[in-house]
Every structure is written in structure tokens, then in C-alpha cells.
Amino acid sequence: MKTILKLGAFFLAMGTMQLSINAQTFTNFTVADGLLSNNVHCLSIDVSDNIWFGTQNGVSFYDGSTWTSHSQATDSGLVDNNVKAIYVASNGNVWIGTDFGISVYDGMSWTAYTESDGLGDNRVNCITETVTGAIWIGTSDGVTKKEGSVWTSWGMSDGLPFGGVNHISEHNSGLLYMGSGLGGVQIFDGTTFSEFTETEGLLNDKVRSIHIDATDKKWIGTADGLTVMDGTDALFENHTRMFILPPPDTLNPVEDVTMDINGNIWAAIYVDYLVTEGGVAMYNGFNWISYDVSDGLIGPVVRQIAVDGSNNLWVTTSTGVTRMSNLLSNIEEYKNAGITIYPNPALNVLNVALTKQSKIKIYDLTGRILYTSQRLVSSQTIDISDWKKGIYMLSTGGGVSKFVII
Numbered sequence: 000m001k002t003i004l005k006l007g008a009f010f011l012a013m014g015t016m017q018l019s020i021n022a023q024t025f026t027n028f029t030v031a032d033g034l035l036s037n038n039v040h041c042l043s044i045d046v047s048d049n050i051w052f053g054t055q056n057g058v059s060f061y062d063g064s065t066w067t068s069h070s071q072a073t074d075s076g077l078v079d080n081n082v083k084a085i086y087v088a089s090n091g092n093v094w095i096g097t098d099f100g101i102s103v104y105d106g107m108s109w110t111a112y113t114e115s116d117g118l119g120d121n122r123v124n125c126i127t128e129t130v131t132g133a134i135w136i137g138t139s140d141g142v143t144k145k146e147g148s149v150w151t152s153w154g155m156s157d158g159l160p161f162g163g164v165n166h167i168s169e170h171n172s173g174l175l176y177m178g179s180g181l182g183g184v185q186i187f188d189g190t191t192f193s194e195f196t197e198t199e200g201l202l203n204d205k206v207r208s209i210h211i212d213a214t215d216k217k218w219i220g221t222a223d224g225l226t227v228m229d230g231t232d233a234l235f236e237n238h239t240r241m242f243i244l245p246p247p248d249t250l251n252p253v254e255d256v257t258m259d260i261n262g263n264i265w266a267a268i269y270v271d272y273l274v275t276e277g278g279v280a281m282y283n284g285f286n287w288i289s290y291d292v293s294d295g296l297i298g299p300v301v302r303q304i305a306v307d308g309s310n311n312l313w314v315t316t317s318t319g320v321t322r323m324s325n326l327l328s329n330i331e332e333y334k335n336a337g338i339t340i341y342p343n344p345a346l347n348v349l350n351v352a353l354t355k356q357s358k359i360k361i362y363d364l365t366g367r368i369l370y371t372s373q374r375l376v377s378s379q380t381i382d383i384s385d386w387k388k389g390i391y392m393l394s395t396g397g398g399v400s401k402f403v404i405i
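As C-alpha cells, then:
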């Protein structure tokens with residue numbers, strides 16, 4: 000996998016393996032380090048930056064130095080070992096979703112919930128908590144809310160499409176954005192559902208993850224790539240090639256999406272059509288930078304990603320867990336890589352010279368694309384005589400540079 004940053008140092012530590020790519024450090028964890036299984040489906044990070052992992056064989060807990068595990072062999076309150084969803088609530092309780100219901104662990108005892116208790120469907124896909132303290136559970140049949148002792152469920156008869164709910168994100172307005180298995184994004188105001196689907200520009204109605212950022216954009220991970228909705232819930236842009244895959248695969252199925260402390264978007268991408276390829280890609284607003292097993296990631300079958308309080312990215316896969324540390328802090332760390340722009344400031348014409356052939360894109364400060372070269376180039380002269388005065392960003396496959404029009 001081609002990356003913007005070149006391989007720097009390599010070193011092997013006792014136990015876990017660590018790879019450094021310039022600033023980034025990859026630390027990998029497997030059953031040899033304390034995981035119950037290398038097949039890790041999900042994770043949740045608590046307020047103390049402890050990590051809870053849902054694996055094929057139970058739950059593994061990591062406090063930064065010590066591993067603790069919970070399985071049916073040791074904890075009879077766990078309804079099933081194959082954990083599909085996990086969430087640490089604000090009160091510290093750990094909610095664990097399986098295909099046979101939910102188990103809740105308060106640090107001492109276990110409580111199980113199934114359809115007979117009020118859960119809409121035992122097949123749990125995701126769990127989250129809203130600001131009111133209500134627990135929302137996405138299932139293969141719809142969505143269930145548990146608020147105190149009251150259970151409420153919504154399904155197809157209430158307006159949800161067939162396919163269940165894979166992800167739930169709460170907007171600061173109180174709206175819930177739900178990723179449907181087959182019906183796009185379902186927006187719930189507490190009473191009715193509205194939708195954003197392929198008809199409105201969504202790349203694919205199979206939605207796996209949604210992240211809402213501070214600028215009110217909704218980053219939607221779909222089976223064909225990443226769709227971005229703006230603050231009015233209209234289509235803003237689509238990203239389909241964040242991670243380069245070998246032919247005939249082109250589109251990027253997004254398993255999960257999140258944002259780091261520096262405002263970079265991270266997408267977990269995995270495809271198993273003809274080949275098994277996958278990894279994570281970071282978007283700084285101008286470039287996608289991708290990482291895979293050749294860079295230090297433990298495996299290609301990525302499942303879920305999350306960022307801890309120290310800005311480490313945690314990646315769960317079918318072959319273990321990777322922690323990416325020392326993430327790029329801002330665009331200055333990878334700007335100007337092999338790019339020469341002159342004159343700068345510019346007036347009518349902009350000349351661009353590159354150390355290696357690449358496509359050129361130019362953006363304004365709102366992120367709108369103003370120019371894209373039609374082929375790979377090593378130099379380009381661009382007519383900017385009718386462009387407005389201001390600051391612009393030029394990006395290539397190898398970096399980003401800023402220029403000014405006067």
C-alpha cells in the first residue's frame with residue numbers, strides 16, 4: 000500500500016509487535032498478549048481510557064498494562080461468547096450485545112435482557128446512550144430504547160425499512176441518525192422517521208456507521224464508500240476511493256468511521272470480493288492517506304475503530320487489535336511533499352511542478368473542489384484569471400500546499 004509517509008524505523012518489542020512509520024507507531028495485540036480471541040468484532044473506550052473488546056470468545060478488558068477476560072466459562076451472566084456489540088455507559092455499566100440478547104456488567108454482577116424482557120430482537124447490532132441516559136439498541140429487526148425500566152421498540156410497522164439498524168448516532172438537537180442495513184439513513188425525531196437514501200445521493204443504502212462532526216456534517220459509511228451530509232441534511236460530497244484496492248475492486252466498503260482529536264476523519268475499509276484487502280484511511284480535508292498490513296496494521300479484515308483520550312486510534316480486526324499512536328497533528332506535517340507552486344501569490348496563472356506524477360486537485364477553504372487534472376501530471380499551468388482572491392489548497396497523492404490569489 001502506498002502511503003504518504005515512508006517507512007522509517009522498524010523494531011520488535013517483547014510480546015507485542017511495534018512498527019514505526021516516521022511519527023506513527025503501530026502496536027499490535029493478539030491472544031498472546033491477553034485477548035480471548037484474535038477475532039475481535041467491536042470495542043468501547045471508557046472515561047479512564049480503558050478498552051473493552053468484544054471478541055468471538057467473550058469480552059477482553061485492557062487497562063493499558065493488564066488484561067482481564069470474561070466468557071461463559073467464567074461468567075454465567077454472559078448470554079453468549081460471540082460478542083457483536085459493546086458499549087460502556089456513562090455510569091460505567093458495560094452493555095454487551097450478542098445474537099442471543101444483551102448482558103450488562105456493572106463490575107460485580109451480570110444482568111441479562113432478551114426479547115422476553117422487552118428487547119425488540121435478540122440479534123443485537125449496536126448499542127449507544129443518549130444525553131438523557133437512555134440506552135438505544137440497534138437490532139436485526141429495528142431499534143429498541145431502554146429508559147429506566149421502560150422498554151420501547153420500533154420496527155417496520157413504525158416506519159423503519161427492512162434490514163435492521165446497524166448504527167445509531169445522536170445529534171445535538173436530539174435527532175437520532177440510524178444506519179439501516181438496507182434502507183439508508185433513518186432520521187428519528189422521537190415520533191416519526193425520515194430518510195436519506197440513494198435517491199438523495201447516498202452512495203449505497205447499506206449503511207454501517209455514522210459520525211457527526213462539530214461542523215454538523217454527517218459522515219456516513221456505506222457498502223460503496225463514504226457519503227457526507229451537510230448541516231441541512233443535504234448531500235455534501237461522496238468519497239469512493241479512500242483506499243486503493245487491486246482490480247476489479249474499486250469502491251471502498253466502509254465498516255466504520257470516526258474522527259480523531261485533530262479533526263481528521265478515519266475510515267475502516269474492507270473488501271472480500273475475489274481478494275481480501277482492507278485497512279484504515281485518514282482524511283485531512285484534502286488528502287486520503289491509507290494504511291494497511293504493509294505499514295504495520297495487524298490484519299486486513301477491519302471491523303471497528305475508536306480514538307482514545309490520548310488520540311490513539313484503536314483498530315479491531317479478525318486477526319487481533321492494532322493501536323496507532325502519534326497520529327499526524329495537522330496539515331503542516333505532511334504539506335508541500337514534492338510540490339512547487341509559482342508564482343505565489345499568483346494573479347492570472349498558476350504553475351505547478353511535482354517531483355513525481357500525480358493528479359492535482361485544488362480546493363477553496365470551504366472544501367469545495369475547483370480544479371481536478373484529468374490525468375497524472377508532473378507539471379501543470381492553470382488559468383486562474385477568473386478565480387476570486389483568497390487562500391486555496393492544492394493537493395496531490397503525495398501532499399498538500401497552500402497558495403494565494405491576489
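Residues in the sequence shown are numbered consecutively from 0, following numbering that gives the first Met the number 0. Every residue, glycine too, gets a C-beta built ideally from N, C-alpha and C. Remember, it's a predicted structure, so these values are computed and weren't measured experimentally.
- Note that the segment 344–355 does not touch the segment 58–69; fewer than 3 beta-carbon pairs, one per stretch, sit closer than 8 Å.
- Closest in C-alpha terms to Thr24, from the list Met155, Gly33, Val164 and Tyr290, comes Tyr290.
- A direct Cα-to-Cα measurement between Thr371 and Thr198 gives close to 26 Å.
- About 3 Å separates the Cβ atoms of Gly162 and Leu181, confirming a contact at the 8 Å cut-off.
- Of Gly224, Thr110 and Leu225, the smallest CA-CA separation from Asp74 is found for Thr110.
- In this structure Gly173 is exposed. Its beta-carbon is surrounded by fewer than 16 other beta-carbon atoms within 10 angstroms.
- Taking the C-beta atoms as reference points, Met228 is found nearer than 8 Å to Phe195.
- When secondary structure is reduced to three states using DSSP, Met323 falls in the strand class.
- With fewer than 16 neighbouring CB atoms inside 10 Å of its own CB, Pro245 falls in the exposed class.
- Shown here for Thr318: same chain residues with a beta carbon closer than 6 Å to its own, the five before and five after excluded, namely Asn37, Ile297 and Gly298 in chain order.
- Contact annotation, Ser59 with Gly33: C-beta distance approximately 7 Å; criterion of less than 8 Å satisfied.
- Beyond the five residues adjoining it in sequence on each side, Asp140 comes within less than 7 Å, by CB distance, of Gly119, Asp120, Gly154 and Gly163 in the same chain, given in chain order.
- Taking the Cβ atoms as the reference, Val256 lies roughly 5 Å from Trp218, within the contact range of under 8 Å.
- For Val30, no pairing in a beta bridge is given by DSSP.
- Burial is judged here by how many other beta carbons sit within 10 angstroms of a residue's own beta carbon; Asn90 has fewer than 16 and is exposed.
- For the pair Thr190 and Leu202, the CB atoms are not nearer than the 8 Å cut-off.
- One alpha carbon belongs to Gln356, the other to Arg302, and they sit about 34 Å apart.
- The continuous beta strand (DSSP E) containing Lys355 extends over residues Val348 to Ser357.
- For Phe52, the enclosing beta strand (DSSP E) starts and ends at Ile50 to Thr54.
- When only Cα atoms are considered, Lys145 and Tyr362 end up about 45 Å apart.
- For Ala133, the closest C-alpha among the options Thr226, Thr321, Asp385 and Ser152 is that of Ser152.
- In the three-state reduction of the DSSP assignment, Ser293 falls in the helix class.
- Cβ-Cβ separation between Gly178 and Arg207: approximately 6 Å, consistent with a contact (criterion under 8 Å).
- The beta carbon of Arg240 lies closer than 6 Å to none in the same chain, with the five residues before and after it left out.
- In the three-state DSSP reduction, Asp212 falls in the coil class, being neither helix nor strand.
- Within the same chain, Asp215 come within 6 Å of Gly230 by CB-CB distance, once the 5 residues on both sides are set aside.
- Scanning its chain for C-beta atoms nearer than 6 Å, with the 5 sequence neighbours on each side dropped, one finds around Thr315 the residues Val39, Leu42, Arg302 and Gln303, in chain order.
- A distance below 8 Å separates the beta carbons of Val93 and Trp51.
- If one requires a minimum length of 3 residues, the beta strand (DSSP E) runs lying completely within the segment 162–197 are 164–169, 175–179, 184–187 and 192–195, in chain order.
- Rounded to whole angstroms, Met258 and Phe235 show a C-alpha spacing of 18 Å.
- The three-state reading of DSSP puts Met155 in helix, counting H, G and I together.
- Collapsing the DSSP output to three states places Asp363 in a strand.
- The C-alpha of Asn27 lies about 21 Å from the C-alpha of His69.
- The beta carbons of Val123 and Gly96 sit closer together than 8 Å.
- Rounded to the nearest whole angstrom, the C-alpha separation of Gly224 and Gly200 is 12 Å.
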